[in-house]
Amino acid sequence: MSGAASGRGEAAMVPQVDFESYYGRQIIKTPTWKTPDVPLYLFLGGLAGASAVLAEGASLRDLPRLETVARGAAASGAGLGTVFLVHDLGRPERFLNMLRVFKPTSPLSVGSFILAPFSPLAIIAFGSKLTGWFPRLGRLAGVGAAAFGPALATYTAALLGNTVVPAWHEAHRELPFVFGGSGAQAAGGVAMLLVPIDQAGPARRLALMGAAVEIVAAESILRQRGLAAEPYETGRPGRLMRVARSATTLASVATVLGGRRSRVLSALAGATYVAASVTTRFGIFEAGLASARDPKYTVVPQRERLRQRQDASAKMTT
Amino acid sequence: MSLFSDIFSEGRLWGRLDDVTGDAGYDEHPPRMGFFTDTSVCIGCKACEVACKEWNEVPDDGYLLTGMSYDNTGALGASTWRHVAFVEKPFETVADRPPQGPPVTDLGMPGVGPPAREDTAAESGDGAMRWLMSSDVCKHCTHAGCLDVCPTGALFRTEFGTVVVQPDVCNGCGYCVAACPYGVIDLREGDGRAFKCTLCYDRLKEGQTPACAQACPTESIQFGEVSELRLRAANRLQELEDQGVDVARLYGADPDDGVGGDGAFFLLLDEPEVYGLPPDPVVPTRSLASVWKHVGYAAATVAGIGVASFLGRRRP
Amino acid sequence: MDLQNADCILIEGSNMAEAHPVGFQWVVEAKRRGATVIHVDPRFTRTSALADVHVPIRAGSDIAWLGGLVNHVLQHDLDFREYVVAYTNAANIIDGEFKDTEDLDGLFSGFDPETGHYDPLSWHYEPPEELSEDDRRHLREVEEDRASESSGEGHKKSHQAARSESHGSGGAPVLWKGRRDETLQHPRCVFQLLKRHFARYTPELVQEVCGIEPEQLRRVADALTGNSGRERTTAFCYAVGWTHHTTGAQMIRAAAILQTLLGNIGRPGGGILALRGHASIQGSTDIPTLFNILPGYLPMPQTSHQSLDEWVEADEGAAGFWGNVRPYAVSLLKSYWGDAATAGNDFCFDYLPRVTGDHSTYSTVKSQIEGGCKGYFLVGENPAVGSANGKMQRLGLANLDWLVVRDLQMIESATFWQDGPEIETGELVTEEIGTEVFFLPAASHVEKAGSFTQTQRMLQWRDKAVEPPGDARSELWFYVELGNRIRARLAGSSDEMDRPLLDLAWDYPYDEQGEPSGEQVLREINGTGPDGAALSAYTDLKADGTTACGCWIYCGVYAGEHNHARDRTPHWEQDVVASEWGWVWPANRRILYNRASAAPDGTPWSERKKYVWWDADADDGKGRWVGRDVPDFIPDRAPDFVPEPGANGPDAIGGQDPFIMQTDGKAWLFAPVGLADGPMPTHYEPPESPVRNPLYGQQNNPSRRKLDHPVNAINPSWSEVFPYVFTSYRLTEHHTAGAMSRTLPYLTELQPEPFCEVSPRLAAERGLEHLGWATIVTNRTAIEARVLVTDRLRSLRLGDRWVEQVGLPYHWGRNGITQGDSPNDLVNITMDPNVYIQDKVGTCDIRPGRRPRGAALMAYVEGYRRRSGIDLAHPEDGGADR
Ligand SMILES: Nc1nc2c(c(=O)[nH]1)N[C@H]1C(S)=C(S)[C@@H](COP(=O)(O)OP(=O)(O)OC[C@H]3O[C@@H](n4cnc5c(=O)[nH]c(N)nc54)[C@H](O)[C@@H]3O)O[C@H]1N2
Ligand SMILES: Nc1nc2c(c(=O)[nH]1)N[C@H]1C(S)=C(S)[C@@H](COP(=O)(O)OP(=O)(O)OC[C@H]3O[C@@H](n4cnc5c(=O)[nH]c(N)nc54)[C@H](O)[C@@H]3O)O[C@H]1N2
Ligand code: SF4
Ligand code: SF4
Ligand code: SF4
Ligand code: SF4
Ligand code: SF4
Ligand SMILES: [Mo]
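As structure tokens, then:
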């Protein structure tokens, strides 16, 4: 038995790396966040946040069907998301401890203080819209939710980015755009699915632009992040990411070609957007777990960093 | 913006920080306490593991033969706060190593067959291998990822400069788990909360030595003031170098490293990753400014495309 | 012992870091100060990991290796000549009749092939030219003996000298100080005998027997010799890797010879440290749980000893402190029988039981199986797991009328009747076992007060920390109570047989918690004088019955009515030898024979190794031994003192005789008496071995004790059916037979399953997989264990062949949190003739996969027996020579 296993990545993309590890064991812990709770929460947060923005636009532009659906998506996204978030806790009954302190260093703390106002606002806005009660309050709540919406849709990227999980941390610049774009795409998608095509114009545009942002950002991870991007391309997370991207592309093509003409096509494209957005979150989530499990992703870049520092200081001294 | 740069600045979130306790808001406080673990004298007796569990009433971690040399607890975790790693290793690289015994061809009565090879120094000689042992523990980082991200305040910095979880506050969100660059803290299955070494906070308050250090027979685990331990570590390294040990190195002792130096640091006899330690750990919040900045841009983008979706002609 | 002062430490036959981690801190400290640490062990262990040099050795071959080192020293004149000439018996000339193993193909002169015993008569020192009256008397005896031997008459008396049950720790006395040739040139002087005896232990032979490269031998020899002499010292440490052999006592002798030649005995940082086992195992030899000695190593009387005089005669009158045996013996009898012991009744000497032969543990087990031994107490012992040949142990326990088990846990030795391995195979049937088992819960060491005597002969007091749970009681309570109840039953009896019990000084009051006082018992052991006050030194003991003392070597532990075992002055508040930490017998002396730390003229050998020296100016010019420790010498005996011819006891100790417990005051390179298997160590193969003894036709120790029983079938030597060597040992994480560790989650999780360790080569050879299962087979039985394939086990090259060793930690049994087969079921019982201990080394086969279950296991082992050609009529011979 050789004590320190010499790990070898299965990757085909990056040059094979030799590195040492402790019996091939991971160095950092695999995040304890559960599937599907957390990927679904990521998705729902994005959906809710972007939907709140969509709803407010619809309200301003007087597109009531769109507004109702988007408000519904924002409210249920926030509500359901909160349920998943609480369910993921080791001690769910202590959920409210999240609000004991406010810590800018903790995206989860910040997120809690985003989700905490957003959820009631979105629910009030939706309720008011649905029932017609307290219209003024509803309006105000809608504006409030829209104000928090973009933050809700993107802060979850900070949540992942501010960890030591290589695939997440290394992608912390791109992930907010991926999540934001993906959230917009989901919000647009839900509306395309449920809103007649004549009122769904903004939804289509939102979805298209969101999809574009997401694809560009995701592509940029693969281009820029070297070894840390490998988990997004290999194994199960790689497959999820590819499926998501194909679906997004397909939905976008369908939207552009027939979104304005066919209700069926619009609905199908919308549903595909939603599915793609969900899949993206699972892909990203699982890529993170995979990168935590394999010590390669922790050791190799750190070794490389050390080497570069040594080279630099050698240059300075010689 | 100045508040932003204040919160996310060097010294607060990364880099050198000489008075970590004062920074955490203690006006008057005892000196920062920690460990210097000198693995060159560790005999792998695991007294530290057992003493820690006894004192802190940590449950057992299961009965599993891992086959990882004599390490059957595997790693630090919620129920193993001290963990002794065992590494069986040739002196040089794997390739340089002299082969172990002759190739086996005769499966008949091999114990009595003639040796297949003449050159056998490796079989009977010493020096062909080393057995490294190292007792790992929470590093009580100057910039502790776990502490930074804990949303409930369950994790806090004590007056001794150590990092401790309050089990009555923790809600098991698991964020700390993903934020520790060393893979130390974890949620305990069946309990749901996060646990790790407390640096025996209760004993420290009584002026006592932590249980693990107390139990260590060879003074591999040295407890004391971090500033003093750093000197001791440097001296020990020098001593070993003078004795011709050229593989020794300090790990976590540098206040300028990615976590601002560890409160519990080590003298190792091989690369950190050989022991399951990250070679160049960096606290995740070092990038927090960049993280929030990009989130900000992305949020603006979402808002922007939201607005843009409604631009253009309204269809009749 | 002061390991931290050593310049070199050789650890062999012990896994010190794992089995003695706390003591090992001193090795670490020595290393920090620059000492070289060497570990000689079949395996690369946690001790090896900290050592500078690890030398892998074939288990059981240590004498060949040590002999190689002795040879190296002698051939290159590397001994510490001044020391050797002055302080050892190197100069003594040995009887002309003596024949070496080199002359007799593996036998010393005096061997009786019928009994397997040696008559050590021909090993004697040649008498001095000028015989004293005493010497002349001795000589007459010797000559008579010789005459009776040649006439074939009973050679009983002299034989006994080679038998260990007949003498205490001082060893048998020599007849006279003998003729010496201090030029060491006489062909029959010990030095020359030694040189000739070890001449064949060349580096090549060592390689052939031990699998150690000549280069390694050189390296270690250089380290040892380079760290010995005036300026430097080397220490040795050993434990059961040496003691558990049919040649165990001789392995330790070999080390003693080496250390004596290098001048490392009685000096700081020198010596040979026996790492004792259980917390107070040293204590339980000082105040023994052995059948053949009494407290303070007084020999148990033999049936031939009709009176006190006869009993002490052998020792009395000899030179040295053993010459004073009578006061120790009388004081012991006084402490047993108090007022009943008077000069008129020989101080109740007749009440002492007599030894009639070998009543050691393994003989007792055989007797159980054969129906001779009907009742048994197991107090703090778990032989069903911990003793060699587990099956024999259990078959013995199953054939008793009653069995009392006092233990902390429900151990296998108390539950064998319901779930032992023999129940599985059908060899035993629960309903048919007649043994009535009484299980009595015992209080553990933290649940009762008392003293431990540790490795360095130090007594340390322990207070009670917690109350024992439930009905658990201390040993002291149990035995006091048992004594009280038996004596109450017998009260009024007029049967002479009951007198020893009824006359006992048995007065142990209980305290408020219902416990007898342990400190009172320690005081009784310390001894009291005519005024009833605690004595302060064994030199105060009297032979007239005015003093009582339960163990003479412990006299002084209660000096001044103070329990010195309880002394706990921290080292920074006291002298360099920490004399106020605990109490060390004898006389709180930390290093024995420390007179040897000074040169013959009484000056320190060197400033660096200064320890005890002669201060000629002290006491107004009368002079006195002074130094860092209590001098182990007569305080005012000048270095140039020469005893009167015919002097006895301490008076016979010369100023240059540091070894005051030896009758000639010298360290013995050659043991003229006292050992059952020869005056010098020599290499024999273990009773089971795949290797032919390259030295002699004599394969095994000729005087080894065999245990003849079908369940103890020995694997034939060189059998191809059992090609591998196995040895057993401990893990830090567990304790001995496991009841104190397998039952605790925190320890069990650290080593959760029984395993065996094998080299990668052996794994490949037999198809063993890392973490898979293996079945290990001997002619006793087969067991299974998980496999660890590790480079820590080396394939050894012996000359033109390979030897593979299987390592077996022995802690597991059928009870506890995790269970498994016990390696002791594989270990055969063949014993060292000096101390009746088993050989931990054996041969085996190893195969991948789990073992057969139930009756199929019996058939499986039967197949091996058949194939190995074992003759069940003489199973103990294992096919090798007798
Ligand atoms: N943790 C722990 N400590 C203990 C104990 C325990 O069970 N657990 N038991 C205590 C007791 S009762 C005792 S007696 C002591 C024993 O203390 P040790 O004798 O130090 O312990 P063992 O593990 O039996 O070690 C013997 C070493 O000898 C090696 N060995 C085996 N055969 C041979 C041989 O033929 N030659 C040589 N040179 N080496 C050989 C083994 O590989 C092993 O490394 O430990 C005491 N300390
Ligand atoms: N194969 C192999 N066999 C060996 C050895 C080896 O190296 N290899 N080593 C041998 C050696 S050196 C030894 S010492 C033996 C040990 O063998 P054993 O003495 O048979 O085994 P232990 O487990 O030490 O048994 C001690 C028992 O005492 C109990 N006990 C502890 N404290 C107390 C107390 O205060 N009072 C009472 N009444 N009971 C108590 C414990 O629970 C335990 O069950 O094993 C020997 N057997
Ligand atoms: S090592 Fe990990 S758990 Fe310990 S203080 Fe640092 S970040 Fe926190
Ligand atoms: S799991 Fe507990 S300690 Fe860890 S971050 Fe969450 S609340 Fe804090
Ligand atoms: S300091 Fe205390 S809690 Fe931390 S490892 Fe040591 S014993 Fe355990
Ligand atoms: S107690 Fe000390 S020597 Fe033992 S394993 Fe822990 S650190 Fe190493
Ligand atoms: S005697 Fe006690 S303290 Fe010493 S090593 Fe053994 S178990 Fe540890
Ligand atoms: Mo022992």
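Line order of the protein sequences matches chains B, E and G. Be aware that the first sequence starts at 89, since it is given in our numbering, and climbs by one per residue. Be aware that the second sequence starts at 865, since it is given in our numbering, and climbs by one per residue. Be aware that the third sequence starts at 77, since it is given in our numbering, and climbs by one per residue. A virtual CB, placed ideally from N, CA and C, is assigned to each residue, including glycine. Note that the coordinates shown come from a computational prediction; the quantities given were computed from them, not determined experimentally.
Neighbour-count burial assignment, residue i, 16 or more Cβ in a 10 Å radius
| i | result |
| --- | --- |
| G:Trp141 | buried |
| G:Thr418 | exposed |
| G:Met573 | exposed |
| G:Pro792 | buried |
| E:Lys953 | buried |
| B:Arg182 | buried |
| B:Ser334 | exposed |
| G:Trp413 | buried |
| G:Asp897 | buried |
| E:Pro1045 | buried |
| E:Val958 | For E:Val958, the predicted model reports a pLDDT of 33, less than 50, meaning its position is unreliable; a value from the coordinates is still stated below. The residue in question, E:Val958, is exposed, as its Cβ has fewer than 16 Cβ neighbours within 10 Å. |
| B:Met101 | Unreliable positioning characterises B:Met101 in this predicted model, as indicated by a pLDDT of 41, which lies under 50. A coordinate reading is not provided. |
Proximity winner among the options, relative to residue i (alpha-carbon distances)
| i | options | result |
| --- | --- | --- |
| G:Val882 | G:Asp181, G:Thr866, G:Leu269, G:Glu551 | G:Thr866 |
| G:Arg482 | G:Arg565, G:Ala325, G:Arg352, G:Val513 | G:Val513 |
| G:Phe492 | G:Leu454, G:Ser124, G:Ala460 | G:Ala460 |
| E:Phe872 | B:Pro180, B:Pro195, B:Ala163, B:Met186 | B:Pro195 |
| G:Thr440 | G:Pro928, G:Gly930, G:Tyr912, G:Glu938 | G:Tyr912 |
| G:Gln738 | G:Arg119, G:Gly399, G:Arg264 | G:Gly399 |
| G:Gly848 | G:Ile341, G:Arg927, G:Asp753, G:Arg294 | G:Arg927 |
Endpoints, alpha helix (DSSP H) assigned at residue i
| i | result |
| --- | --- |
| G:Trp318 | 316–319 |
| G:Gln536 | No alpha helix (DSSP H) holds G:Gln536; the beta strand (DSSP E) holding it covers 534–538. |
| B:Trp256 | 254–257 |
| G:Gln596 | 594–602 |
| B:Ser54 | Limits of chain B in this structure are 89 at one end and 406 at the other, which puts residue 54 of chain B out of reach. |
| B:Pro195 | 195–219 |
| G:Tyr163 | 157–163 |
| G:His115 | First-last for G:His115: 112–116, but that is the beta strand (DSSP E), not the alpha helix (DSSP H). |
Residue span of the beta strand (DSSP E) that contains residue i, given as start and end
| i | result |
| --- | --- |
| G:Leu847 | Careful: G:Leu847 lies outside any beta strand (DSSP E) and carries neither H nor E. |
Where residue i meets chain E, residues with beta-carbon distance less than 9 Å
| i | result |
| --- | --- |
| B:Ser109 | Glu1137, Val1138, Gly1140 |
Interface partners of residue i on chain E, CB under 8 Å
| i | result |
| --- | --- |
| G:Ile85 | Neighbours of G:Ile85 on chain E: none; closest Cβ ~14 Å, over 8 Å. |
| G:Gly97 | One point to set straight first is that residue 97 of chain G is Pro, not Gly, in the sequence displayed. Going along chain E in sequence order, the residues near G:Pro97 (Cβ under 8 Å) are Ile907, Cys909, Ala911, Pro1081, Thr1082. |
| B:Met297 | Ile1169, Ala1172, Ser1173 |
Listed by chain order, chain E residues near residue i by CB distance under 7 Å
| i | result |
| --- | --- |
| G:Pro828 | Tyr927, Leu928, Leu929, Asn936 |
| B:Arg261 | Ser1154, His1158 |
Chain-ordered neighbours of residue i on chain B, where CB pairs are closer than 9 Å
| i | result |
| --- | --- |
| E:Asn1035 | Leu177, Gly178, Arg179, Pro180, Glu181, Arg182, Phe183, Leu184, Asn185, Met186 |
| E:Tyr890 | Ordered by position in chain B, no residue passes the 9 Å Cβ test against E:Tyr890, which lies about 17 Å from the chain. |
Threshold first: 4 residues or longer. Then list the alpha helix (DSSP H) segments lying entirely within the region 417–503 of chain G, N to C.
Segments of the alpha helix (DSSP H) lying fully in the region 417–503 of chain G: 437–445, 459–462, 466–473, 488–495, 497–501.
Tell me the start and end of each unbroken beta strand (DSSP E) in the region 247–294 of chain G that is at least 3 residues and wholly inside, in chain order.
Those beta strand (DSSP E) runs which fall completely within the region 247–294 of chain G and span 3+ residues do not exist here.
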